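Presented below is the structure to which this report refers.
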Amino acid sequence: LLAGLAFQASAKQNTWNQTTRSEVAFQEKYKDQNAPNSALIYQLDFNQFTSALSAAPLRGKATSKSGVTISFPNAEGQLETYRVLEAPVMHPDLAAKYPQIKSYVGYGIGHTKKVRFSTSPQKGLSAMIMGGEQTMFIEPYTADLNHYAIYSRSNNEVRTNTFRCMTNDMPLALQKGAFGNKDANDQVLRTFDLAMSATGEYTAYHGGTKPAALAAMNNTMTRVNGVYETDFAITMVLISNNDNVIYTNAATDPYGSNLNTELQNTLTSVIGEANYDIGHLVHQETNSNGNAGCIGCVCVNGQKGSGFTSHVTPQGDFFDIDYVAHEMGHQFGANHTFTHSFFPEGTGAQMEPGSGSTIMGYAGITGASDVQAHSDAYFHFFSIEQVTSYVGGTSCQVNSSISNNAPVANAGSDYTIPHSTAYFLMGTATDADAGDVLTYCWEQADQGFESKTSVTSTPTSGMSPSFRSLPPTNSNLRFIPKMADVLAGNLTTQWETVLTQGGVMNMSLTVRDNVAGGGQNNIDKMVVTVDGTKGPFEVTSQTSNVTWNVQGSETVTWNVANTTSAPVSTANVDILLSLDGGATWPMGLIWNTPNDGSETITVPWSSATTQARIMVRSVGNIFYAVNSSNFTIVSPTGIGELSDEAVKVYPNPTEGLFTIDFGTATDVQALTVTDIQGKLVLNESNITTSNMQIDLTPFANGMYVLQVQTGQGISTHKISKQ
Numbered sequence: 003l004l005a006g007l008a009f010q011a012s013a014k015q016n017t018w019n020q021t022t023r024s025e026v027a028f029q030e031k032y033k034d035q036n037a038p039n040s041a042l043i044y045q046l047d048f049n050q051f052t053s054a055l056s057a058a059p060l061r062g063k064a065t066s067k068s069g070v071t072i073s074f075p076n077a078e079g080q081l082e083t084y085r086v087l088e089a090p091v092m093h094p095d096l097a098a099k100y101p102q103i104k105s106y107v108g109y110g111i112g113h114t115k116k117v118r119f120s121t122s123p124q125k126g127l128s129a130m131i132m133g134g135e136q137t138m139f140i141e142p143y144t145a146d147l148n149h150y151a152i153y154s155r156s157n158n159e160v161r162t163n164t165f166r167c168m169t170n171d172m173p174l175a176l177q178k179g180a181f182g183n184k185d186a187n188d189q190v191l192r193t194f195d196l197a198m199s200a201t202g203e204y205t206a207y208h209g210g211t212k213p214a215a216l217a218a219m220n221n222t223m224t225r226v227n228g229v230y231e232t233d234f235a236i237t238m239v240l241i242s243n244n245d246n247v248i249y250t251n252a253a254t255d256p257y258g259s260n261l262n263t264e265l266q267n268t269l270t271s272v273i274g275e276a277n278y279d280i281g282h283l284v285h286q287e288t289n290s291n292g293n294a295g296c297i298g299c300v301c302v303n304g305q306k307g308s309g310f311t312s313h314v315t316p317q318g319d320f321f322d323i324d325y326v327a328h329e330m331g332h333q334f335g336a337n338h339t340f341t342h343s344f345f346p347e348g349t350g351a352q353m354e355p356g357s358g359s360t361i362m363g364y365a366g367i368t369g370a371s372d373v374q375a376h377s378d379a380y381f382h383f384f385s386i387e388q389v390t391s392y393v394g395g396t397s398c399q400v401n402s403s404i405s406n407n408a409p410v411a412n413a414g415s416d417y418t419i420p421h422s423t424a425y426f427l428m429g430t431a432t433d434a435d436a437g438d439v440l441t442y443c444w445e446q447a448d449q450g451f452e453s454k455t456s457v458t459s460t461p462t463s464g465m466s467p468s469f470r471s472l473p474p475t476n477s478n479l480r481f482i483p484k485m486a487d488v489l490a491g492n493l494t495t496q497w498e499t500v501l502t503q504g505g506v507m508n509m510s511l512t513v514r515d516n517v518a519g520g521g522q523n524n525i526d527k528m529v530v531t532v533d534g535t536k537g538p539f540e541v542t543s544q545t546s547n548v549t550w551n552v553q554g555s556e557t558v559t560w561n562v563a564n565t566t567s568a569p570v571s572t573a574n575v576d577i578l579l580s581l582d583g584g585a586t587w588p589m590g591l592i593w594n595t596p597n598d599g600s601e602t603i604t605v606p607w608s609s610a611t612t613q614a615r616i617m618v619r620s621v622g623n624i625f626y627a628v629n630s631s632n633f634t635i636v637s638p639t640g641i642g643e644l645s646d647e648a649v650k651v652y653p654n655p656t657e658g659l660f661t662i663d664f665g666t667a668t669d670v671q672a673l674t675v676t677d678i679q680g681k682l683v684l685n686e687s688n689i690t691t692s693n694m695q696i697d698l699t700p701f702a703n704g705m706y707v708l709q710v711q712t713g714q715g716i717s718t719h720k721i722s723k724q
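Count along the sequence shown from 1, then add 2; that gives the number in the numbering used here.
Encoded structure:
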């Protein structure tokens, strides 16, 4: 135990040291390393790192608090700590033959991220950090395995335009009668035995030996399992004699020009159909492509071992996520989700504009239709439904009950909104497991019916989809289009748009609990109907850099655009104020005021800024509009903040009632109380007493802001109601 603790301490303190590219410029680089220019470079004491890991308990046999403490750098250059368990992707017998090839999972300590990583003498460290707003990768940078590149997936713009998936898109499930749609919420972890074969070319690329090829496979499957466990509650384990189908000589291996059939025949004869559940071949060649051999054939004898992935660089995050996870997705029942080159698959899966950006899309390989350079490390909600529906009907795998409860998603009510108007989607979720970190992903649930190189034709054609998928985040709110584009006056961009005519958009909210080793999720849907006879809803005032005075009287105007009448039926609006150019909206100028196109407001205290923006937001609906320009708010000359002693507040914290003692302050003119979101709770003027009692009992517990305006200045206090 003491030795383990010593390893933990050293792993945290001395293992990683940040360096620069210039300091390692003359060292031999790791083969085909493709880290982006923005990647950070760290030196790693690999021996010390793996020594610390030797104390990691096996996942499934560890207590909730056990595990060694290991730190990893993130893409911002900060070290983050994880509780690490060993999480093998190899059968115990295979692992015993190759004891230095390891796989692990780490749970964030003091943060919500998780890490899946693998180690071996042949390949060093390979890691994928998930959670937060982005996925990060750690890859070897120098050939001596002493230096590593750390980068965010979103910053890796290196493209590999040659890959082509050749899978026939007719799903086996359709041929045999489709399963009903579902999500990964049945508290079952499904473990499939994987027979992964390697061609002689793949093995040669990785060093020419079986241990080196197996180490590369271990890297890939550690990452693939990381995604599959989160999105499907599926994990795969390399079979005990997997090394029997790792070939070291391209001239004598059983593979030629018909890889699907050749792999199936090899696995049937060498492994035996009863001894694996899914088979896949990894290959290295210039003509990068893949073919699952089927859609939905895991557990099906004679077909389950016919998938392959081939690439000129068969390693790294591109290969693992964009290609292997993609082809295996087909084997588990998922179709393509892109619409860049439309052809009817008959599955309804083509819901992403252009290339798509989720794993079953084609990100980075379609040219002008590319949404981004590479797939993000998650599956579209429809892919989740397809895969979980398929494996719900298979029986070859080992099913294990897990205690992790599924979250309950609520996408909210259906709405009708005006055309040519920005809107937002906001759902809620609950989870019986208090420690789970929920993430939210909004996607459109409409199949495309034409080739889409952008969504710019969608506003007038009405053809779906009208916005892209974005990686899951901790926020349950998504603005369509993104707020920055709305503030710039762009309601139609390449991959997000509003509709300029009537239409119906089906929306899907996927809530993940992100539990490593058996994640659960829940999908809920709602409908947004666009009324082509109403709209656009627009703010028509503050169109230039005007100047407001604090406590002055100003008028906000907007185009109602017939939104008070059915079926939009929005009788009232809120008017919000941003002080930072629209990044946040902390102040409410007026709440629940009639949707009549004009409102006179009083400019609040503590609102001086040169970046003011106005939002008029529907009450009981999801549409909104912002004014077209930043403007200025100035404080009256000579008015400043009073000292805390001038006006006293007690008790604070309070259970509801508190007293304001105006003390030495003279000429008390007014006071306001707002909640933490800026909503006005109390507004008093014509104050003639030396003290005043305020009652917050009817309001929720939390933080409130009291501002007292006097002839001498402003006194501001934070009030805590408990």
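Here a beta-carbon is modelled for each residue, glycine too, at the ideal position from N, C-alpha and C.
Please read these numbers as outputs of a predicted model, since none were measured by experiment.
For residue 58, I'd like the list of residues in its chain whose CB is within less than 7 Å of its CB, leaving aside the five on either flank, ordered along the chain.
-> 69, 70, 86, 87, 88 and 106
Are the CB atoms of residue 372 and residue 440 nearer to each other than 8 Å?
-> no
How is the beta strand (DSSP E) around residue 615 delimited, first residue to last?
-> 611–620
Given residue 321, which residues of its chain have a CB within under 8 Å of its CB, disregarding the five upstream and five downstream residues?
-> 222, 311, 313 and 315
Have a look at residue 128 and residue 104 and give me their C-alpha separation to the nearest angstrom.
-> 11 Å
Which listed residue (517, 63, 686 and 365) has its alpha carbon closest to that of residue 115 = 517
Unbroken alpha helix (DSSP H) run spanning residue 261, endpoints | 261–268
Those residues which DSSP pairs with residue 151 across a bridge | 43 and 141
Determine which residues share a DSSP beta bridge with residue 192 and list them.
-> 236 and 401
Look at the alpha carbon of residue 532 and the alpha carbon of residue 510, and state the distance between them as a whole number of angstroms.
-> 17 Å
Who are the near neighbours of residue 718 in its chain, counting only those whose CB is closer than 6 Å to its CB and skipping five residues on each side?
-> 709
Inter-residue Cα distance where the pair is residue 155 and residue 139 = 7 Å
Three-state secondary structure assigned by DSSP to residue 312 = strand
Which word fits residue 460, buried or exposed, when buried means at least 16 other C-beta atoms lie within 10 angstroms of its C-beta?
-> buried
Endpoints, the beta strand (DSSP E) within which residue 82 is located = 81–88
Where does the unbroken alpha helix (DSSP H) through residue 113 begin, and where does it stop?
-> Residue 113 -> no alpha helix (DSSP H), and no H or E assigned at all.
Report buried or exposed for residue 234, applying the criterion of at least 16 other Cβ atoms within 10 angstroms of its Cβ.
-> buried
Do the CB positions of residue 1 and residue 198 come within less than 8 Å of each other?
-> There is no way to answer for residue 1, as the model of the chain reaches only from 3 to 724.
Residue 386 lies in the alpha helix (DSSP H); which residues open and close that run?
-> 383–393
Residue 488 - containing alpha helix (DSSP H), residue span = 485–489
Limits of the unbroken beta strand (DSSP E) element including residue 652 = 650–652
Extent of the continuous alpha helix (DSSP H) run through residue 55 = 48–55
Touching or not, the segment 528–548 and the segment 415–432, by the rule of three or more beta carbon pairs under 8 Å?
-> yes
Pull up the CB-CB distance for residue 695 and residue 666, whole angstroms please, since I reckon it's below 8 Å.
-> So it is not a contact: roughly 20 Å between Cβ atoms.
Residue ranges of each beta strand (DSSP E) within the segment 274–323, 3 or longer | 280–286, 291–293 and 309–313
Would you call the CB atoms of residue 153 and residue 142 closer than 8 Å?
-> no
Cα separation between residue 520 and residue 243?
-> 26 Å
In terms of DSSP beta bridges, what is residue 75 paired with?
-> 81
Going by DSSP, name the residue or residues bridged to residue 693.
-> 663
How would you label residue 220, buried or exposed, when you count the other beta carbons within 10 angstroms and need 16 or more for buried?
-> buried
Residue span of the beta strand (DSSP E) that contains residue 684, given as start and end = 682–687
Which of helix, strand or coil does DSSP assign to residue 724?
-> coil
Rounded to whole angstroms, how far is the Cβ of residue 109 from the Cβ of residue 84, which I believe are closer than 8 Å?
-> 6 Å
Please confirm whether residue 307 and residue 352 have their CB atoms less than 8 Å apart.
-> no
Could you tell me the distance, in whole angstroms, from the CA atom of residue 707 to the CA atom of residue 721?
-> 6 Å
Locate the alpha helix (DSSP H) running through residue 63, then write down its first and last residues.
-> Premise fails: residue 63 is in no alpha helix (DSSP H) and is neither H nor E.
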